[in-house]
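One structure is given here, and the rest of the page talks about it.
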Amino acid sequence: MLLAQGTEEQRKYLIKDEKALLNFINSSGQLEGLSLFNHSQYTYFDLYLDTPEFDLYKNKLSLRFRKRIFSDTLVTYGLQLKSEMETYSSVRMEIEEKELGFYRVKTDKGWIELPKILDVIFSQIQNNKFDISSVEFQQALSSIQKWIQLNSGSTISPFQKIAFLKLKGLGTEKIATIKPMIVGSEKRIRSHIYIDPAKTIIELRNMPMNSLELSTVPDFFKKNNSFNWILETSVDSAVFYSLFKTNKTQVEIFEFEVENKYFLHEKGTEIMNLFEKNLKSNFQMENLMDSKYRQSIKKFLVP
Amino acid sequence: MKTAVLLLFLFVNILAPYNSLAQSEPLVPIERGSLLLNEHPQVLDSFVNDGRINLKYVRSIGHFLTNNDITVYKKVAISRRSNASIRHIKHLIEKQEENYQDNELVNDATREIFYELYLFNESLKQKSIANAKTKISFNDKIKMEVHSFKSKRVFRYKNSITDHEAKNVNKNNLQEDPKDSPFWHKKTKQVPLDKRFAQLARSKKIKSKKEMVVLFDKPSLSGSAPKINVLDLDLDNKWSLKWGDEVHTDVVGSHIFAALGYDVDHPYYYEENKLTLIFDELKEIKNKEELKIKIKEIYKIDLDPFITTYGTVTIQMTQELADLQPYVGKQFVRFKKCVLEARPDRVKRMGSFLPGLLSNEDRRELRGALLAHQFIGNWDTREQNTLLTSVHMGNYKYRMSAVFSDLGASFGVVQGIFPPDFKVGLVNEFSWEVASYEGGILKLNSSINSILPPYKQATYQDLLWMAKKISELDGPMLRNMINKAKWPPPIAELYFHKLASRRASILKAFDLTDPHPIAFDKNLTIKMGEEYVVKNGELLIDIDKNKNPESFLSKKGRLTNYGH
């Protein structure tokens with residue numbers, strides 16, 4: 004089976020023994036013939052969007068602006084639409100508008116690039132000066148809402164997808180009401196899971212080498228071309244703040260994610276199963292299905 | 194004397210640098226130019242609503258061109274939209290969104306985008322429909338024959354000013370150049386005409402080397418000449434690897450069209466063992482034997498006569514060619530001759546550039562192209578050999594460009610009927626003259642298989658305009674461009690004389706003074722040792738038959754396995 008464009012196979016776990024897991028990651032340990040290499044830490048800033056009636060949430064979707072900072076240097080912005088997992092091991096739809104740099108928002112001060120508006124919001128979180136009531140924060144939220152209102156019918160992939168899906172309560176006019184709902188940041192500790200032929204078990208040693216577009220192959224595997232890249236993992240610790248009226252002002256999430264990167268997808272799924280078995284026995288992990296957005300909204304909406 | 198010419202030719206040929214526009218020379222950027230015509234085509238009215246942008250219509254075109262969930266057009270599958278071309282369209286749409294929000298009146302800048310969106314939209318539709326046809330239909334074959342027959346008789350012109358000139362051209366300068374546009378560019382002082390091919394290649398980041406190593410990607414199912422799709426070692430850029438009778442002609446045809454101001458494909462000729470094809474055990478075809486079987490299955494051509502060596506890449510081979518180092522132990526094959534045509538990552542190919550739509554038939558640069566086809570004797574002028582492309586110029590800036598593609602069915606073409614066959618690059622079939630002026634009528638004599646609207650409507654003045662462009666090609670330029678094809682020297686020399694003669698016939702027919710007279714000899718004679726290779730302007734010997742399995746004399750072509 005090949006994964007269709009715009010999908011990913013991902014699993015999520017609730018971390019119970021945080022210390023043991025972080026020790027394992029920091030020591031770039033081994034599990035049943037699979038090696039782990041902890042390669043970087045990313046910082047993400049997310050602004051989740053929904054209609055005032057939470058129609059995306061109700062339709063098991065999440066939509067977010069994401070700013071990514073890779074190793075404190077490279078910065079990218081995207082608008083991502085994702086579906087929720089239906090089972091613990093199902094494939095998620097992921098549609099991204101990757102380049103936001105050429106989108107601009109018309110403001111009283113003229114046309115301003117969308118990422119600059121997003122940065123007004125994200126910088127408050129980054130600098131621990133989060134003040135939802137500040138004028139600049141409110142102006143930025145309002146500009147983004149206006150941009151969505153005017154552009155939701157345009158050629159922006161996540162909006163195209165929502166319209167194409169023809170979901171209950173999400174007609175064209177409703178899509179235009181989508182607005183910022185929660186904002187937050189997360190730290191991700193990223194690791195590659197791979198097969199080192201010198202340190203693996205016989206069943207894994209002869210798996211064909213992963214075959215991917217060179218541009219998507221991490222440097223680690225370009226330098227160590229005998230290592231076979233199978234999975235990608237991340238330990239995520241996130242905090243989200245509500246932008247709508249709720250009793251709870253913030254939600255914290257700590258979870259572990261695993262993503263299939265192997266070109267023979269079914270074989271990759273088998274390795275995911277093997278890895279999961281070991282995670283559960285060694286670190287007492289439990290499967291999770293809900294996205295961070297869904298987890299947050301569930302907690303924010305608790306009366 | 195003739196031997197001296199031959200030696201000179203060999204010297205120039207061997208010493209000619211491979212990439213003629215040195216990488217160290219500054220790159221002269223190519224701008225998109227303007228698509229606007231004097232009179233805007235009516236079909237563009239849909240983009241306008243009460244003098245302002247009709248955003249609903251603009252968006253509907255934008256969705257068709259960018260939304261991968263729209264998968265069918267007129268019951269055929271829509272061709273894959275590349276991410277880069279989607280980005281290009283989104284940039285155009287976003288400009289329109291902003292203009293709409295600014296409530297701007299439609300102006301030339303917005304109209305430029307209307308033209309571009311319309312062309313991309315129709316081109317994607319054309320490509321999707323063309324892709325749904327796997328074979329040339331019987332009707333298409335008949336049409337090609339009819340056009341071939343007709344084209345020998347219809348290209349007759351009186352030296353007069355037509356309604357078209359009266360409407361579209363400056364009356365004080367009837368051969369005025371069109372504006373630079375995605376279809377054609379004026380010459381510049383910085384780039385000599387024969388270097389324009391290299392300039393175009395550099396602008397597309399095409400990097401050909403003297404010796405190439407490429408990786409097998411997948412078989413190709415299009416066209417009639419045997420070819421496969423291969424990957425550059427950078428894995429981002431692709432190439433089309435071709436064999437057969439177009440390997441020389443395509444190279445020269447593309448260089449000449451580029452010199453005349455058009456954008457083209459970028460084919461590069463590779464001599465014996467200068468290209469190594471590496472197989473990957475994970476791909477559909479894993480070695481030379483499987484490649485041979487596949488080519489036979491698709492094209493009915495035996496690849497064996499074109500192969501020199503094959504086997505497993507050894508450490509010794511990597512000492513001679515460092516590029517092979519990561520592939521020790523992999524299967525490889527090398528060839529007697531082949532052509533590698535660039536499919537750079539920077540260029541995304543849509544469908545045809547639509548010569549008969551959006552009043553493109555009114556464009557002088559497309560009408561004049563008829564004479565350029567006649568000059569190189571290109572027979573296959575069908576719409577599908579025109580191409581609309583999106584060129585990424587870096588920093589997410591894009592430029593639309595119209596390409597004259599597949600110019601290899603030229604330089605002496607014959608068709609067989611019983612059995613059906615087709616062969617190009619037969620120097621003895623390439624006539625010495627292509628134009629004449631008799632009894633007040635200008636005549637062109639090279640047949641083409643598709644009289645596209647711009648060619649049908651071309652006027653004397655349009656062709657005179659192109660004749661002046663052809664007159665700007667001087668002897669050294671012509672020789673440099675012929676050198677790129679690496680024909681055996683006597684054949685290259687004969688082609689040089691024939692092209693010079695055809696050029697002279699064009700200038701004479703239009704009564705133009707030749708700014709760069711090129712000497713030619715219709716009785717050219719070349720001896721190799723005691724043997725006449727070329728005598729009285731005719732090739733007598735099939736030079737190096739073993740090294741040139743397609744043959745320069747035999748009329749057996751690709752549909753009869755080149756007589757093997």
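Top to bottom, those sequences are chains Y and S.
Residues in the first sequence are numbered consecutively from 4, following this note's numbering.
Residues in the second sequence are numbered consecutively from 194, following this note's numbering.
By construction, the Cβ of each residue, glycine as well, lies at the ideal position given by its N, Cα and C atoms.
**Item:** Where residue 150 of chain Y sits in the DSSP three-state scheme
**Value:** helix
task: Give the C-beta separation of residue 556 of chain S and residue 409 of chain S to the nearest angstrom, bearing in mind that I take them to be a contact with Cβ-Cβ under 8 Å.
output: Actually they are not in contact, since the Cβ atoms of residue 556 of chain S and residue 409 of chain S sit about 40 Å apart, beyond 8 Å.
### Neighbourhood of residue 626 of chain S by C-beta distance below 6 Å, restricted to the same chain and skipping five residues each side
698
Just the chain S side, please: which residues come within less than 9 Å of residue 150 of chain Y by C-beta, in chain order?
Within chain S, no residue comes near residue 150 of chain Y; the closest Cβ sits about 10 Å away, beyond 9 Å.
- Task: Could you check what DSSP says for residue 247 of chain Y in three-state terms: helix, strand or coil?
- Result: In the structure shown, residue 247 of chain Y adopts coil according to DSSP, grouped into three states.
**Report entry** Best match in Y/67, Y/62, Y/113 and Y/77 for proximity to residue 88 of chain Y [C-alpha to C-alpha]
**Finding:** The shortest Cα separation from residue 88 of chain Y among Y/67, Y/62, Y/113 and Y/77 belongs to Y/62.
Margin query: Suppose the cutoff is 7 Å on Cβ atoms and the five residues either side in sequence are ignored; what does the same chain contact list for residue 261 of chain S look like?
Written below: 274
Give me the subset of the segment 133-165 of chain Y whose CB atoms are less than 9 Å from a CB atom of chain S, sorted by chain position.
153, 154, 156, 157, 158, 159, 160, 163 and 164
(Q) If the cut-off is 7 Å on Cβ atoms, which residues from the segment 455-475 of chain S count as contacting chain Y, listed in chain order? (A) 475
Give me the residue from S/354, S/396, S/239 and S/276 with the minimum Cα distance to residue 310 of chain S. S/239
query: Since residue 103 of chain Y and residue 294 of chain S are thought to touch, with beta carbons under 8 Å apart, how far apart are those beta carbons, to the nearest angstrom?
result: Not confirmed; about 17 Å, so no contact.
Expressed to the nearest angstrom, what Euclidean distance is found between the alpha-carbon atoms of residue 491 of chain S and residue 110 of chain Y?
59 Å
### Query
Taking Cβ-Cβ distances shorter than 9 Å, what residues in chain S pair up with residue 102 of chain Y?
280, 283 and 589
Item to complete: Could you have a look at residue 391 of chain S and say whether DSSP puts it in helix, strand or coil?
Response: The answer is helix: DSSP assigns residue 391 of chain S an H, G or I state.
- prompt: Are the C-beta atoms of residue 109 of chain Y and some chain S residue less than 7 Å apart?
  reply: yes
Go to residue 305 of chain S, then tell me how far its beta strand (DSSP E) extends in each direction, as first and last residue.
No beta strand (DSSP E) contains residue 305 of chain S, which is instead part of the alpha helix (DSSP H) from 301-325.
Worksheet item: Can you find a CB in chain S that lies within less than 7 Å of the CB of residue 7 of chain Y?
Response: Because residue 7 of chain Y sits at a pLDDT of 46, beneath the cut-off of 50, its placement in the model cannot be relied upon, and the following sentence gives the value as read from the coordinates. No, residue 7 of chain Y lies away from the interface with chain S (no Cβ there is under 7 Å from its Cβ).
| message | So that I know if they touch, is there some Cβ in chain Y lying closer than 7 Å to that of residue 289 of chain S? | response | no
Worksheet item: Span of the beta strand (DSSP E) holding residue 683 of chain S?
Response: Counting along the chain, residue 683 of chain S falls outside any beta strand (DSSP E), though it belongs to the alpha helix (DSSP H) covering 682-702.
* Asked: Excluding the five sequence neighbours on either side, which residues of its own chain have a C-beta within less than 7 Å of the C-beta of residue 386 of chain S, listed in chain order?
  -> 380, 452, 665, 666 and 670
Is the segment 73-84 of chain Y in contact with the segment 298-306 of chain Y, if contact means three or more CB pairs nearer than 8 Å? no
Q. Residues in its own chain within less than 6 Å of residue 631 of chain S by CB, not counting five upstream and five downstream?
A. Excluding sequence neighbours, residue 631 of chain S sits near nothing in its chain.
Determine the extent of the alpha helix (DSSP H) in which residue 344 of chain S is found, giving its start and end residues.
331-347
| query | If you scan the segment 477-503 of chain S from start to end, which runs of the beta strand (DSSP E) of 3 or more residues do you find wholly inside it? | reply | none
Under the assumption that residue 705 of chain S contacts residue 661 of chain S (Cβ atoms under 8 Å), give the Cβ distance between them as a whole number of angstroms.
-> Taking 8 Å as the upper bound for CB-CB distance, residue 705 of chain S and residue 661 of chain S are in contact here, some 7 Å apart.
Check your understanding: Does DSSP classify residue 358 of chain S as helix, strand or coil?
Key -> Look at residue 358 of chain S here: in three-state DSSP terms it is helix.
Report all residues from its chain with a CB closer than 6 Å to the CB of residue 12 of chain Y; omit the five preceding and five following residues, and keep chain order.
94 and 263
- Kindly list, in the order they appear in chain Y, the residues whose Cβ is closer than 8 Å to that of residue 262 of chain S. By Cβ distance, chain Y contributes 163, 164 and 167.
ask   = When you compare only the Cα positions, how much space is there between residue 468 of chain S and residue 629 of chain S?
value = Between residue 468 of chain S and residue 629 of chain S, the alpha-carbon positions lie close to 43 Å from each other.
I'd like to confirm the pairing. Which residues does DSSP put opposite residue 456 of chain S in its beta bridges?
S/596
**Report entry** Amino acids of chain S, ordered along the chain, whose beta-carbon sits closer than 7 Å to that of residue 214 of chain Y
**Finding:** 475, listed in chain order.
Is there a Cβ from chain S that is less than 7 Å from the Cβ of residue 230 of chain Y? no
Below 6 Å CB to CB, which residues in the same chain sit around residue 255 of chain Y once its five sequence neighbours on both sides are set aside?
Spatial neighbours of residue 255 of chain Y in its own chain (CB-CB distance under 6 Å, excluding positions within 5 residues in sequence) are listed in chain order as 242.
Reference residue 303 of chain S; option with closest CA among S/251, S/269, S/340 and S/257
Of the candidates S/251, S/269, S/340 and S/257, S/251 places its Cα closest to the Cα of residue 303 of chain S.
Within 7 Å of chain S by C-beta, residues of the segment 190-214 of chain Y in sequence order: 211 and 214
Using the Cα positions of residue 568 of chain S and residue 692 of chain S, report the straight-line distance between them to the nearest angstrom.
-> 8 Å
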